[in-house]
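Asker:
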Amino acid sequence: MAPVAPVGDAAVAASDAGHDPDELGDRAEAAVEDLSSRFDAWMQADLDRLKSAWGAAKTSGASHADYKLLETCAHNIRGVATSYGYPAVSRLCGSLCRLLSETEPGENSALINLHVEACMAAFGSIGRGDAAQSVANAVCDALEERVAVKTAKT
265 MAPVAPVGDA
275 AVAASDAGHD
285 PDELGDRAEA
295 AVEDLSSRFD
305 AWMQADLDRL
315 KSAWGAAKTS
325 GASHADYKLL
335 ETCAHNIRGV
345 ATSYGYPAVS
355 RLCGSLCRLL
365 SETEPGENSA
375 LINLHVEACM
385 AAFGSIGRGD
395 AAQSVANAVC
405 DALEERVAVK
415 TAKT
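265 is the number of the first residue of the sequence shown in this note's numbering; add one for each residue after it.
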């Protein structure tokens, strides 16, 4: 296995290979910027899948598979939402996952619905920034408290 060059030597190695380190950095930043411009569309698509899964799971004939799909959607969003710039959505989906892991089909519908709607609001209506995060934190705190009560083992 070839030895790994120390970070300080990476710039030297790049310039020795005919690549300008500043140009490489600029290209990397442009690539990240290009990807980040797609985050909102990806977040919206993920939330649409969550809402659709909830639509199926809240029907009277919902199965464990319907609830598992809802949990999978929430889990996937939880994993990417912070990277997309929506930490509150990630937190809400974490709470939803915790609730769904302890929920049988037909149970906790109102609380699940509140989570799904809060995710949509945290993405669309609340927005970003400190004030938005403060509102989102208050909603998250309240929902997490309810989930803790619902999932507490007696």
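Yeah, the Cβ is synthetic: ideal placement off N, Cα and C, and Gly gets one too. Please read these numbers as outputs of a predicted model, since none were measured by experiment.
1. Can you name the start and end residues of the alpha helix (DSSP H) that residue 312 belongs to?
2. Count the other CB atoms, across all protein chains shown, that sit within 10 Å of the CB of residue 371; report buried if there are 16 or more and exposed otherwise.
3. Go through its chain and collect everything with a Cβ distance to residue 332's Cβ below 7 Å, but skip five positions before and after it.
4. For the alpha helix (DSSP H) containing residue 331, list its first residue and its last residue.
5. Measuring straight from C-alpha to C-alpha, what distance separates residue 304 and residue 345?
6. Between residue 330 and residue 338, how many whole angstroms is the CB-CB distance? I'm expecting something under 8 Å.
7. Measuring alpha carbon to alpha carbon, tell me which of 340, 411, 356 and 354 ends up nearest residue 366.
8. Exposed or buried, what is residue 328 when buried is set at 16 or more other beta-carbons lying within 10 Å of its beta-carbon?
9. If I measure Cβ to Cβ from residue 397 and keep anything under 8 Å in the same chain, skipping five residues before and after, which residues do I get?
10. Any beta carbon from chain C within less than 8 Å of residue 331's own beta carbon?
11. Please state whether DSSP places residue 230 in a helix, a strand or coil.
12. Could you compute how far the alpha carbon of residue 289 sits from the alpha carbon of residue 403?
13. Using a Cβ-Cβ cut-off of 6 Å (strictly less than) and excluding sequence neighbours within five positions of residue 359, which residues of its own chain qualify?
Answerer: By the coordinates alone:
1. For the purposes of this step, residue 312 is identified with residue 48 of the sequence shown, where counting begins at 1. Element bounds for residue 312: 303-321.
2. Sequence index remark: in the sequence shown, residue 371 carries index 107 (1-based). Answer is exposed; the Cβ neighbour count stays below 16.
3. Against the sequence shown, residue 332 aligns to sequence position 68. Only residues of its own chain outside the window of five on either side were considered, and among them none has a CB closer than 7 Å to the CB of residue 332.
4. The residue given as residue 331 occupies position 67 in the sequence shown. Bounds of the alpha helix (DSSP H) holding residue 331 are 328-344.
5. Here the question's residue 304 lines up with position 40 in the sequence shown. Here the question's residue 345 lines up with position 81 in the sequence shown. Roughly 10 Å separates the two Cα atoms.
6. For the purposes of this step, residue 330 is identified with residue 66 of the sequence shown, where counting begins at 1. For the purposes of this step, residue 338 is identified with residue 74 of the sequence shown, where counting begins at 1. Actually they do not touch by this definition, with Cβ atoms about 13 Å apart.
7. Within the sequence shown, numbered from 1, the residue matching residue 366 stands at position 102. Checked all of 340, 411, 356 and 354; the closest Cα to residue 366 is 411.
8. In the sequence shown, counting from the first residue as 1, residue 328 sits at position 64. Of the other Cβ atoms in all chains shown, fewer than 16 fall within 10 Å of the Cβ of residue 328; this residue is therefore exposed.
9. Your numbering for residue 397 matches position 133 in the sequence shown. The beta carbon of residue 397 is closer than 8 Å to those of 351 and 352 in its chain, skipping five residues each way along the sequence.
10. Here there is only one protein chain, and chain C is not present.
11. Outside the shown range of the chain, which is 265 to 418, sits residue 230, and nothing can be said about it.
12. On the sequence shown, position 25 is the one that residue 289 refers to. On the sequence shown, position 139 is the one that residue 403 refers to. One C-alpha to the other measures close to 39 Å.
13. Your numbering for residue 359 matches position 95 in the sequence shown. Closer than 6 Å at the Cβ level, and outside the excluded window around residue 359, lie 407, 408 and 411.
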